[in-house]
Structures are given as structure tokens and as C-alpha cells.
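First the structure, in the form of C-alpha cells, and then the observations on it.
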Amino acid sequence: MSVRKDTILEALAKARDSAPPRGFEQSVDLTVNLKDLDMRQPDNRVNLRVQVPNGVGGQKVLVFAQGDLALRARRAGADRVVEPAELDEMASDRKEAKKKLKDYDIFVAEAPLMPIVGRVAGPILGPKGKMPIPVPPQAPIDAILERERRTVILRSRDRLFVKCKVGKESMSDEEIAGNVDAVLNSLTGVLRRGANNIKSVYLKLTMGPAVKLE
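Taken in order, the sequence shown gives residues 11 to 224; the numbers are from the numbering used here.
Encoded structure:
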């Protein structure tokens, strides 16, 4: 979908002005309403990963790994590394497992651990569209973490809209606009009729009202 940059910037300025100040840094969220799609048909549903040019800030990554990969993941700045012993503990306490996983946005798993990761974390992460990305033991985990922190996920399920985070308050308007443009272009590319399946687009801060891109 081709949206003029000044249109994005204007909506973003209005969203900033209309959001009340808070004691925490708010995120900037994008919502895209869809039309003329039968979401009962799986082929029409959106399940899209987009790498945005400027990151969105605050993406927390958890890595399931062991041995050398676990060590390298910690050195690369993973927010949490879960090794097999902790996975076994989580398997015996589903409530505790949900608690440990709830604060993370992105999950990466060493491929040999995927069977147990799928069994323990799958029922928790699957419905949220956050299933771990499998990587080989020798994977360049630093590059993978950098890439995944710039990735946003759009998932419609059976609903006629998608939404995602496109930035945070401290980012410049130019950076956020670049992310919005990347998301809209990628989304248009997977819709059956492209931009003709987009009904409306809104931007908002966490605690502010939604502002339509006119």
C-alpha cells in the first residue's frame, strides 16, 4: 500500500499530541482494518513476519539452548536463556511455565531441543503466534538476535484486522514512519487484492486514541 510519508508523519504527530503523558514509555501501535476477505478461508488469513528498518524498541528475546549456543546467546545479549534442566522444570509446572514465558516477545530455540520445547512451550506460545524459531547449534546467534529484534508479527486469525508495534515514544518520527511504510508494503504484498483489501489504517500510542491515516 502506497501511503505518502507526510500522511504517516501527520497522523503520528496527532497521535503524540492526543496521548496523555504517562510515567512509562509508551509504544506506538499500528492497526490495519481489512475488507472484502472471507476469513473463514485459511488462504485469506494473514500470518506475516516483517523486518522493519529501525527496530521497534524493547523487543525481549528468550532463547532455548544448551552448551555452546547457550553461552553465545548470553554473550550476544539474549534477555533470557533457558537450558534443558529448566525446561524439565517447566514441563512439570505449566502455571510456572506460563509465568516465565509471558514477558517475552520473540523466542528462538536450538533445533535439537525443539521436540521438548514444542511439548512444553507450544501450548502456551502457539495460540499467541510466538512459536520459537528453530536454529542449528552452530548458528550465528548474534546476527539472529539482531534480526529478530527488528521483526514484527502480523497475525489476523479469523479477524478482519491486524495490528503490531511500530516503535516507541523515544524514537524519531522519521524512524517510526519508515517502520510503518515497511509494514504496509509487506502486508499489501500478501493480500489477495493488495491495497484494495485495506479498509483503513490507524496509529496510536499505548494510552492514547487511535488516529486515522487520511
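Note that CB positions come from ideal geometry on N, CA and C, so glycine has one too.
Predicted, not measured: the structure shown is a model, and the values here were computed from it.
Supposed close pair residue i, residue j - CB separation, criterion 8 Å
| i | j | result |
| --- | --- | --- |
| Q69 | R159 | 5 Å |
| K178 | V38 | 6 Å |
| P142 | F117 | 4 Å |
| T17 | E156 | Contact flag wrong, Cβ pair sits at about 30 Å. |
| I126 | L97 | 6 Å |
| A75 | A83 | 5 Å |
| C174 | I186 | So it is not a contact: roughly 12 Å between Cβ atoms. |
Cβ shell of residue i (< 6 Å), same chain only, five flanking positions each side left out
| i | result |
| --- | --- |
| R90 | L72 |
| R165 | N57, G139 |
Residues bridged to residue i [DSSP beta-bridge criterion]
| i | result |
| --- | --- |
| P144 | A119 |
| V162 | V60 |
| N43 | F171, S210 |
| V38 | G177, L215 |
| R90 | L72 |
Cβ-based burial, residue i [other Cβ within 10 Å; buried from 16]
| i | result |
| --- | --- |
| Q36 | buried |
| A80 | buried |
| G188 | buried |
| G33 | exposed |
| G87 | exposed |
| D191 | buried |
Own chain, CB closer than 7 Å to residue i, minus 5 neighbours either side, in chain order
| i | result |
| --- | --- |
| I134 | A107, K108, L111 |
| P137 | none |
Same chain, Cβ closer than 8 Å to residue i, five either side skipped, listed in chain order
| i | result |
| --- | --- |
| E99 | E106 |
| S182 | none |
| K45 | L170, N207, I208, K209 |
* Using 8 Å as the Cβ pair cut-off and three pairs as the minimum, do the stretch 144-161 and the stretch 22-32 touch? -> They do not touch, by the three-pair rule.
* **Cβ contact (3+ pairs, closer than 8 Å) linking the stretch 189-197 and the stretch 53-62** => With the cut-off at 8 Å, the stretch 189-197 and the stretch 53-62 touch.
* Is the stretch 208-215 touching the stretch 41-57 in the sense that three or more CB pairs, one from each, lie closer than 8 Å? -> Flag = yes, the stretch 41-57 and the stretch 208-215 touch.
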